[in-house]
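Asks: Taken in sequence, the protein lines are chains A and B.
Note that the first sequence covers residues 1426 to 1775 in this note's numbering.
Note that the second sequence covers residues 12 to 271 in this note's numbering.
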Amino acid sequence: MNTKLNIHELVPIDVNDYKDVWVLAEQRAGVIMPNVLELLNEGRKLADDLEVDLVAVIAGGSVKSQSETLIHHGADKVIVIESPLLEEYTTDAYTKVLYDAILKYKPEIILIGATAIGRDLGPRLASRLNTGLTADCTKLEIDKEKRQIRQTRPAFGGNLMATIITPDNRPQMSTVRPGVFLKALEKPERTGEVIMEKPELKASDIRTTVKQVVKHTKKIVDLPSAQIIVSGGRGLGNAEGFKLIEEFAEVAGGVVGASRAAVDSGWISQDHQVGQTGTSVRPTIYFACGISGAIQHLAGMQESDCIVAINKNADAPIMRIADYAVVGDLYKLIPMFIEEFKKDPDNKNN
Amino acid sequence: MKIIVCVKQVPDTSEVRIDPKTNTLIREGVPSIINPDDMNAIEAALAMKDANPGSEVTLVCMGPPQADVALREGLAMGCDKAILITDRVFGGSDTWATSNIIASALVEMEYDVIFCGRQAIDGDTAQVGPQIAECLDLPQVSYVADIKQNGDTLTVQRNLEDGYQIIEVKMPCLLTCIKELNEPRYPSMGGIMDAYQQEVEHWTNEKLQIDASLIGLKSSPTKVNRTFTPPAKEPGILVPDADVEEIAKVYKDLKSKHYL
Ligand SMILES: Cc1cc2nc3c(=O)[nH]c(=O)nc-3n(C[C@H](O)[C@H](O)[C@H](O)COP(=O)(O)OP(=O)(O)OC[C@H]3O[C@@H](n4cnc5c(N)ncnc54)[C@H](O)[C@@H]3O)c2cc1C
Ligand SMILES: Nc1ncnc2c1ncn2[C@@H]1O[C@H](COP(=O)(O)O)[C@@H](O)[C@H]1O
């Protein structure tokens, strides 16, 4: 082995030394991210199947106050790792403190949100631990007999699904796509244990300096938690078309989404993009207007409870997955839908 | 400066189709391309070279001998050297093993910056960049959307879902690039001609001597247990030639099923 390489020596492990399911509770500015509740919901099921504890691990500057929320949503224990050096996310600091905690407690499974931070941290941790990491999972199951997690994820832009296992290494690690799983319900009567960990961390361990954190000031497009989404695609023909989509969304009480083609055309900003490279959504109802349904778009919305596609081409791929495939010109049909909403006395958005 | 770009050759997934009869992936005739994010990585490297005359950009790719084409395309854009890491024993590597192999090659080279794409469109893992950084003990910044250089310090914008961070990092370091970073340049005619004259070095494991426990299918911690195409959905309700009445019916239906 090349000694200049920073690869830890491979030591044989006994998989039976590892137990418990961990959820890394990502926080921004001290508040857990909404997708952590999805991880807790899935993690709870895995822990129950394996008859072990579900442990939420939260690192940050001052984050102990989040423990209660984590316990109310399913965690049996919370490990809190606090340090002023963890105030802002840095790869070096977070990798180090979580690596140390993993070596100490030896969890058998770790779930991480497949967010911009989770996908930065996860691979670095897995590499340091010499274990496997399955990216962007959309389904998780336990093989009880082998005590393995079966992780299913899309590949080839969603054209192919693969189920991946990590048979001989521990922990088994997954990043989990936000917006695919349901959120854990709050049970205020739940109690649990809070463990404070004092991390060993020096300023010199951190090789990047966060100079500035900028939040998009405009109202964020809350696609992940939207119950109704009205999306527009290239079929709108021009930026003006989104005025109609906005009107539709407003009267329906929904959020505006878009295909990548619409975003790339400059008709609407990137934060509206639904799909593989945009946001994954799971609303009660998804209106796809002038969207062909490329596999990369479907990857982000096909879990919607009900899909209504409005497209002039009856053979567009979106029509095959739509619950209602409405064929025709969207400029004619959307105003009809708007009219229905408007004359509905039950509609709260009128 | 010495600049390295890791590029992967991938099937153009927008051309991948499912055979409706067998429900399997049709790979024949699917063109191979340089992974889209890696094009942005190449552009970032070339822009840095333009700003620092005398710099050298080296492309590194792990893959089968056919990946030579991808490297020549990168050379045509203006990169100076190309190395193809290729050996049967590397086949079937997961991201852990892949990054062990690529890092084993990079450790033999000089570098100030290593550019990767954020993620490759065949697997969409976004793991190889950070894992190479780990194996080389380098600081990393992922999701890079802007780069400013001041001596040996880079100030980069790292995009997040709800905003961005401005991060300072000293070289050597590894950056993973996203589409928002730049607009990749086109190869020049002369560049294309030259690219086919240039030599692409092939590095096998005879040269790299990586221990078998770190590479290939057998040593990879993750195993693909099963692959399948997503099951087809039950056909929905088709509303051809929709008119006011039909839309009213759809609306009523949606309400009665509590979707609205
Ligand atoms: C790596 C990669 C990642 C990607 N990620 C994403 C992603 O995250 N999200 C995403 O959306 N895409 C993504 N794409 C792009 C994707 O492949 C498609 O190009 C894109 O989704 C197409 O957008 P569209 O459906 O709006 O446009 P088109 O495919 O052009 O479809 C327009 C549709 O509108 C219909 N139409 C036209 N006029 C009318 C009218 N007057 N009335 C009714 N219907 C009309 C047409 O019949 C057609 O079906 C990605 C691609 C790649 C390669
Ligand atoms: N076989 C490979 N050869 C060279 N670079 C690679 C290879 N695989 C991945 N990379 C780099 O790592 C990035 C992320 O890839 P992935 O983790 O596969 O999504 C890519 O954009 C490339 O820059």
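Ideal placement from N, C-alpha and C gives every residue a C-beta, glycine not left out.
1) Considering Cα atoms alone, identify which of Ile1432(A), Arg1572(A) and Gly1678(A) is closest to valine 1440(A).
2) State the start and end residues of the unbroken beta strand (DSSP E) segment that holds glycine 140(B).
3) If you measure between the beta carbons of lysine 1444(A) and valine 1480(A), is that distance less than 8 Å?
4) Are arginine 1707(A) and glycine 1604(A) close, meaning C-beta to C-beta below 8 Å?
5) Can you tell me the Cα-Cα spacing of isoleucine 221(B) and aspartate 98(B), whole angstroms?
6) Applying the 10 Å Cβ sphere with the 16-neighbour rule, what's the burial state of histidine 213(B)?
7) Closest Cβ-Cβ distance between cysteine 146(B) and chain A: below 8 Å?
8) Assuming the contact rule is C-beta atoms closer than 8 Å, valine 1787(A) and alanine 1724(A) should be a hit. Round their C-beta distance to whole Å, please.
9) If the criterion is Cβ atoms closer than 8 Å, does the pair glutamate 1513(A) and valine 1635(A) meet it?
10) Is the CB-CB distance between valine 27(B) and isoleucine 45(B) below 8 Å?
11) Of all the residues that make up the region 1646-1658 of chain A, which are near chain B by a beta-carbon distance shorter than 7 Å?
12) Along chain A, in chain order, which residues have C-beta atoms closer than 7 Å to that of leucine 271(B)?
13) List the residues of chain B that glutamine 1698(A) touches, going by C-beta distances under 7 Å, in chain order.
14) Assuming proline 232(B) contacts glycine 1557(A) (C-beta within less than 8 Å), just tell me the rounded distance between them.
15) Which chain B residues sit within Cβ distance under 7 Å of valine 1635(A)?
16) For glycine 247(B), which residues in the same chain have their Cβ closer than 6 Å to its Cβ, ignoring the five residues on either side in sequence?
17) Below 8 Å on the Cβ atoms is my guess for leucine 1536(A) versus serine 1492(A); work out the distance and round it to an integer in Å.
18) From what residue to what residue does the alpha helix (DSSP H) around arginine 99(B) run?
19) Counting only C-beta atoms, is phenylalanine 239(B) closer than 8 Å to chain A at any point?
20) With a cut-off of 8 Å, does the C-beta of methionine 1426(A) fall near any C-beta of chain B?
21) Cβ of valine 124(B) versus every heavy atom of ligand 2: is any distance shorter than 7 Å?
22) Under 8 Å, Cβ to Cβ, is there at least one residue of chain B near asparagine 1441(A)?
23) Under a criterion of Cβ closer than 5 Å to any non-hydrogen atom of ligand 1, which residues qualify, in chain order?
24) What is the DSSP secondary structure of lysine 1564(A), counted as helix, strand or coil?
25) Using 10 angstroms around the beta-carbon of tyrosine 1749(A), count the other beta-carbons present and answer buried if the total reaches 16, otherwise exposed.
26) Just how far apart, CA to CA, sit valine 1515(A) and threonine 1633(A)?
27) At a cut-off of 7 Å, is asparagine 1584(A) close to ligand 2 when judged by its beta-carbon and the heavy atoms of the ligand?
28) Give the DSSP bridge partners of tyrosine 1711(A), in chain order.
29) To the nearest angstrom, how far is the alpha carbon of isoleucine 1438(A) from that of glycine 1547(A)?
30) With respect to the alpha helix (DSSP H) encompassing leucine 1471(A), which residues constitute its N-terminal and C-terminal limits?
31) Is lysine 1429(A) helix, strand or coil by DSSP?
32) According to DSSP, is glutamine 1701(A) helix, strand or coil?
33) Going by CA-CA distance only, name the one from Leu1495(A), Asn1736(A) and Ala1719(A) that's closest to isoleucine 1620(A).
34) Do three or more CB pairs link the region 1559-1575 of chain A to the region 164-172 of chain B at distances below 8 Å?
35) So, at 6 Å on beta carbons, what are the nonlocal neighbours of glutamate 1588(A) in its own chain, with the 5 sequence-adjacent residues on each side left out?
36) Is alanine 1580(A) near ligand 2, in the sense that its beta carbon is under 7 Å from a heavy atom of that ligand?
Replies: From the atom records:
1) Arg1572(A)
2) Run containing glycine 140(B): none in the beta strand (DSSP E); it sits in the alpha helix (DSSP H), 139-146.
3) no
4) yes
5) 11 Å
6) exposed
7) yes
8) Because chain A here runs from 1426 to 1775, residue 1787(A) falls outside it and cannot be looked at.
9) yes
10) Result no, Cβ atoms of valine 27(B) and isoleucine 45(B) do not sit closer than 8 Å.
11) none
12) Ile1710
13) Those within 7 Å of glutamine 1698(A) in chain B number zero; the least Cβ separation is about 12 Å.
14) 3 Å
15) Gln176 and Ile178
16) none
17) About 18 Å; that fails the 8 Å criterion.
18) Per DSSP, arginine 99(B) belongs to no alpha helix (DSSP H) and is neither H nor E.
19) yes
20) With a pLDDT of only 48 at methionine 1426(A), under the threshold of 50, the placement of this residue in the model should not be trusted; the figure read from the coordinates follows. With 8 Å as the cut-off, methionine 1426(A) counts as an interface residue toward chain B.
21) No, the beta carbon of valine 124(B) sits no closer than 7 Å to any heavy atom of ligand 2.
22) no
23) Gly1658(A), Arg1659(A), Gly1660(A), Ser1684(A), Arg1685(A), Ala1686(A), Gly1700(A), Gln1701(A), Thr1702(A), Gly1703(A), Gly1715(A), Ile1716(A), Ser1717(A), Ala1719(A), Gln1721(A), His1722(A), Asn1736(A), Lys1737(A), Asn1738(A), Ala1741(A), Asp1754(A), Leu1755(A), Ser25(B) and Ile132(B)
24) strand
25) Burial is judged here by how many other beta carbons sit within 10 angstroms of a residue's own beta carbon; tyrosine 1749(A) has at least 16 and is buried.
26) The question names valine, yet the displayed sequence has threonine at residue 1515(A). Going by the C-alpha atoms only, they are around 7 Å apart.
27) no
28) Ile1654(A) and Ile1732(A)
29) Cα to Cα, the separation comes out at about 21 Å.
30) 1460-1475
31) coil
32) Secondary structure at glutamine 1701(A): coil, using DSSP grouped into helix, strand and coil.
33) Leu1495(A)
34) The answer is no - the region 164-172 of chain B does not touch the region 1559-1575 of chain A, with fewer than three Cβ pairs under 8 Å.
35) Looking at the sequence shown, residue 1588(A) is not glutamate but threonine. Within the same chain, threonine 1588(A) has close Cβ partners Arg1575 and Thr1577.
36) no
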